[in-house]
Amino acid sequence: MDGISLEESLADVDQNLFRQFRARTSDLQWGQLEKDQYVARWLKARSWDIDKAEKMFRSHLQWRKEVNMDEIMMSYTMPEVIEKYFPGGICGQDKFGRPVFICPAGTTDVYGLMRSASRSQLALSQYYVMQKIIDEVLPAQARKMGRPIDQLVVIFDLQHMNRRQLWRPWLNFVLEMTSIFEVNFPELMAVCFVLNAPSFFSMVFSLMKPLLSKETQNKIHILGSNYVDDLLKLFDPEGLPAHYGGKMRDPDGDPKCSSRICWGGTVPESYYQIHQTPNAPAEDSDDTFLLVPVSRGSKEYYYVGEAKVGDKILWEFYTESNDIAFSLWVEPLGGNHSPLDEQNRRRSVKNRGQSGGGGISTSFSFNNLLGGQGAGKSDLKQVTQPTRVDCDLVPEKGNWKASIEGSYYLLFDNSYSWTRTKRVWCKADVTRPPTSTQSANANNSLLEEADKNEVEAGLSEVMEAVRAPDYASLSTPDVDISALVMILAKTLPLVRRRLRPQSSLPLQATMMK
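Written out as structure tokens, the structure reads:
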């Protein structure tokens, strides 16, 4: 990047674009729009196409609302395991005064992190870090330099990275964060350097490229073994840690500046939230968890309860194996609602009965609540976007402050899985805000747990659609290869018999047509 800031590098841009953008978005009443450099982020991210930029910005504000970003920034406390073992930190500055975010990603214990924190907690921590850079780090650097500073330099150090870090749950998480950052924090990164890239990194980068704009792709530079010389073209030695060829050190002489950069490392098992044998319920002794079997290729609704505006909807669930997608739905008060007895909606673990196929028989089933077949249920409204979570590792916990009075449901979606039935163990509740005469100790255990982590557990992750128009988080088929082979073995002879009299071409050529 040639300029020092967005404001200065865009000085020659037609100011009419800024005025038009503000006029189009005046209904949103977003104070940041008064700053030209803020508006420039959205316009530049969409190649100065004002229609696309407006759509992008409106989607961003909706995303902020869905993840409750304002509350996150007011009251979030990062879990200790993430603070100690999720690599990264701000350290140094380049010759233009832009701060540097250094992430030694190669030292990440992906198994340890995902067994010690839920996917929502991990995502929330990164949203917090990004927003804090915008709200605090960049303004502080601008005051220090006496000129606008709107972007930062990023260094990814992949030393010690191995194929274990290509573990599917972690790779999915990284791709999801990449997509969300690209559309919600545009033009925050001035340039990115990748150091010590292993040979298989090209495969990982090929997965990330479709999630990035061409402008972002052009900012990423994969450096060779002589990266120190390349870095010192952009950095003064005093602005770069000694570990990377500069002169910065911690007061104790540490060349890695570990007081400012988290270097990851192995997560102690004492942080793990699940201690269980494979396929065994983690909460088998807790009879507040209820079973929701979700057949392959299907969806199931879990009734949470009736909520008024301001009430808190709480949930916690996990699967015995594999992932599941979920979202929150509401049937607004006044709809065609036929209340069902809660005993018929949910069956307790105490009363579980084994079915012939090894599953658990339950009277809970709402396959037709949505989509028109279920009488009187077409007025269900989606509250949160569908999110696919690996909750067989750590239970997924969350809450939502009701803004619509009505009946709330969790939708467990297994439609992307061709061969696997998912067994989801869930507990959920609706709680009223405490009054001045109530004690917080009067709340049940689920509320107490949620109040401790009100913000960090209150995230409903949003997967930005990339390859599919909606449901990008569900776009990866969940395939049991052995079952697929059995199906093909049974069906191919039938295909041959049907095709033989119709064509003299070999079967392979016929199927290719």
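Residue 263 in the UniProt record's numbering is what sits at position 263 of the sequence shown, and the numbering runs on without skipping anything. Using N, Cα and C, we set each Cβ at its ideal position, and we do this for glycine too.
Exercise. In the structure shown, what three-state DSSP assignment does Val-466 receive?
Worked result: For Val-466, the predicted model reports a pLDDT of 31, less than 50, meaning its position is unreliable and no value from the coordinates is stated.
Exercise. In chain order, what residues of the same chain have a beta carbon less than 6 angstroms from the beta carbon of Gly-264, not counting five sequence neighbours either side?
Worked result: Excluding five sequence positions before and after Gly-264, the CB atoms of its chain that fall closer than 6 angstroms to its own CB belong to Tyr-85, Pro-87, Thr-107, Thr-108, given in chain order.
For this session: Inspect the beta-carbon positions of Tyr-127 and Ile-72 and report whether they are closer than 8 angstroms.
Result: Closer than 8 angstroms, so yes.
Problem set entry | First and last residue of the uninterrupted beta strand (DSSP E) at Ser-327 | Boundaries of the beta strand (DSSP E) around Ser-327: 324 to 332.
Exercise. Quick one: does Ile-313 have its CB under 8 angstroms from some CB of chain C?
Worked result: Within the model displayed, chain C is absent; a lone protein chain is all it includes.
For this session: Taking Glu-136 as the reference, give the member of Gln-121, Leu-152, Leu-122, Asp-230 with the closest Cα.
Result: Of the listed residues, the one whose Cα sits closest to Glu-136 is Leu-152.
Exercise. In terms of DSSP beta bridges, what is Cys-192 paired with?
Worked result: Beta-bridge pairing by DSSP links Cys-192 to Val-154, Ile-220.
Exercise. Mapping DSSP to helix, strand and coil, what is Thr-384?
Worked result: It is coil, neither helix nor strand.
Exercise. Taking the alpha carbon of Phe-156 as the point to measure from, which residue in Gln-29, Met-74, Cys-103 has its own alpha carbon closest?
Worked result: Of the candidates Gln-29, Met-74, Cys-103, Cys-103 places its Cα closest to the Cα of Phe-156.
Exercise. Applying the criterion that 16 or more other CB atoms from any shown protein chain within 10 Å of the CB defines a buried residue, is Ser-47 buried or exposed?
Worked result: By the beta-carbon neighbour count (other beta carbons within 10 angstroms, threshold 16), Ser-47 is exposed.
For this session: Report buried or exposed for Gly-239, applying the criterion of at least 16 other Cβ atoms within 10 angstroms of its Cβ.
Result: So Gly-239 ends up on the buried side.
Exercise. Is Gly-246 closer than 8 angstroms to Gly-92 when the C-beta atoms are compared?
Worked result: Yes, they are a contact pair.
Exercise. With 16 as the cutoff for other CB atoms within 10 Å, does Phe-57 come out buried or exposed?
Worked result: Buried: at least 16 other Cβ atoms inside 10 Å.
Exercise. Considering Thr-431, what are the terminal residues of the alpha helix (DSSP H) in which it resides?
Worked result: Unbroken run through Thr-431 is the beta strand (DSSP E), 422 to 431; no alpha helix (DSSP H).
Exercise. Distance, Cα to Cα, Ile-180 vs Gln-273?
Worked result: Rounded to whole angstroms, Ile-180 to Gln-273 spans 26 angstroms at the Cα level.
For this session: Scan the segment 36 to 70 and note each continuous alpha helix (DSSP H) run of 4 residues or more that stays entirely inside, going in chain order.
Result: With a minimum length of 4 residues, the continuous alpha helix (DSSP H) runs that stay inside the segment 36 to 70 are 36 to 45, 50 to 67.
Exercise. Which same chain residues, not among the five before or five after Asp-49, have their C-beta less than 7 angstroms away from its C-beta?
Worked result: Once the five neighbours on either side are set aside, Asp-49 has no close Cβ partner at all.
Exercise. Could you give the residue range of the beta strand (DSSP E) that holds Tyr-227?
Worked result: Per DSSP, Tyr-227 belongs to no beta strand (DSSP E); it is in the alpha helix (DSSP H), 227 to 231.
Problem set entry | In DSSP terms, what Gly-305 is bridged to | The secondary-structure analysis by DSSP pairs Gly-305 across a beta bridge with Tyr-408.
Exercise. Going by alpha carbons, who is nearest to Ser-120 out of Thr-419, Asp-429, Ser-403, Glu-396?
Worked result: Here the closest residue by C-alpha is Glu-396.
For this session: Taking 8 angstroms as the threshold, find out whether the segment 399 to 408 comes into contact with the segment 305 to 316 through three or more Cβ pairs.
Result: With the rule of 3 Cβ pairs closer than 8 angstroms, the segment 399 to 408 counts as touching the segment 305 to 316.
Exercise. If you run the structure through DSSP and keep just helix, strand and coil, what is Ser-298?
Worked result: If DSSP states are grouped into helix, strand and coil, Ser-298 belongs with coil.
Exercise. Looking only at its own chain, which residues have a Cβ that is under 8 angstroms from the Cβ of Leu-122, when we skip the five neighbours before and after it?
Worked result: Listed in chain order, the non-local C-beta contacts of Leu-122 below 8 angstroms within the same chain comprise Ile-82, Phe-86, Leu-113, Met-114, Phe-173, local neighbours out to five positions each way being set aside.
For this session: For Leu-28, count neighbouring Cβ atoms within 10 angstroms of its own Cβ and tell me buried if that reaches 16, exposed if not.
Result: Residue environment: Leu-28 is assigned as exposed (fewer than 16 neighbouring CB atoms within 10 Å of its CB, all protein chains considered).
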